[in-house]
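Asker: Before we start, here is the structure in question, set down as structure tokens.
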Amino acid sequence: MTDLVALYFVASPLQYLAAKRIAEAHEAGARNVLVWYKPGVTPIVRPADWDASAYMPWPRWEPLPGRFGRLRRQRANIREVAALVGPCARLHIHSAVFDTEAINYFLRALPRACGATTMHARILPDGIISIRRYPLSPLKAAAQYLRKLRRLVAPELDYWCFSGDRIGSDAPFCDRIYVLPGLPHEYPAAKVVTLPPLVDL
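Count along the sequence shown from 1, then add 8; that gives the number in this note's numbering.
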């Protein structure tokens, strides 16, 4: 069993570069696993830089054929990412946002699937979007609980509800927020880590 696995969900070249820098500077002793879910990222991925890597189809845009295709895709994604990660004791899950179902379900499902006893979520920088907070409205916060209903047909799809900032920076599962050097932000200082430049000059 691996002690620590750092998993990165990325959707843009910027997020990819940030993930690579985090892997080098902050997760050097971990098994580093990359998962990208936007086809446009594929050309810049260098598999040799990662212990494991794979493209993950987004359930809404690439559902499996047939009935309940989105739900079955989500369950398949969890199984496939768990296989990439492998058995581990500790798990760090990196993403730019944690409110979207396709990522949030991993927060509870993946530790169980991999046998991890501890899990922390860490937020990737996402350019200009990361300079301010986006509070969840009361309606959207309440709507999160509807997402938990999927547990009735798929127990592993247990949405982790939270309040505050939409991306998850205030949530109890988030212990670190990576930001880009020189950009302002509104995140809690105790959680913020400023990355070095993403490209070596």
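Glycine included, each C-beta is placed from N, C-alpha and C at the ideal position.
(1) Just verifying my parser: in three-state terms, what is the DSSP assignment at threonine 125?
(2) Cβ of tryptophan 66 within 8 Å of Cβ of tyrosine 45?
(3) Run the CB neighbour count on aspartate 11, radius 10 Å, all protein chains shown included, and call it buried at 16 or more, exposed below.
(4) Tell whether a beta-carbon distance below 8 Å holds between isoleucine 131 and tyrosine 186.
(5) Just list the alpha helix (DSSP H) runs in the segment 64 to 108, keeping only unbroken ones of 4 residues or longer that don't cross its boundaries, in chain order.
(6) Going by DSSP, what residues sit across from tyrosine 195 in a beta bridge?
(7) Got a sec? Which residues, its chain only, sit under 6 Å from threonine 126 by beta carbon, not counting five neighbours each side?
(8) Would you report the Cα separation of glycine 176 and proline 73, rounded to the nearest angstrom?
(9) If you draw a straight line from the C-alpha of lysine 156 to the C-alpha of valine 89, how long is it?
(10) My parser needs the alpha helix (DSSP H) runs of 4 or more residues fully inside the segment 104 to 189; what are they?
(11) Do you know whose CA, among Gly172, Val200, Glu194, lies nearest arginine 184's CA?
(12) May I ask whether a heavy atom of the ligand NAD can be found less than 7 Å away from the beta carbon of phenylalanine 106?
(13) From the DSSP output, in three-state form, read off aspartate 11 for me.
(14) Could you tell me the alpha carbon to alpha carbon distance between leucine 92 and serine 61, rounded to whole angstroms?
(15) What do you get for proline 205, buried or exposed, if any count of 16 or more other CB atoms within 10 angstroms of its CB means buried?
(16) Roughly how many whole angstroms lie between the Cα atoms of leucine 203 and arginine 75?
(17) Is valine 18 helix, strand or coil by DSSP?
(18) Do valine 13 and arginine 39 have their C-beta atoms within less than 8 Å of each other?
(19) Would you identify the three-state DSSP class for arginine 39, choosing helix, strand or coil?
Answerer: Checking against the coordinates, here is how it stands:
(1) Three-state result, threonine 125: coil.
(2) yes
(3) exposed
(4) yes
(5) 77 to 93
(6) None; tyrosine 195 has no bridge partner.
(7) Arg98
(8) 32 Å
(9) The alpha-carbon atoms of lysine 156 and valine 89 are separated by roughly 21 Å.
(10) 109 to 122, 146 to 155
(11) Val200
(12) With respect to small molecules bound, the structure shown includes none, and the ligand NAD cannot be examined in it.
(13) strand
(14) Cα-Cα distance, rounded: 7 Å.
(15) exposed
(16) Near 44 Å, if we compare the C-alpha coordinates of arginine 75 and leucine 203.
(17) DSSP places valine 18 in strand when its eight states are reduced to three.
(18) yes
(19) strand
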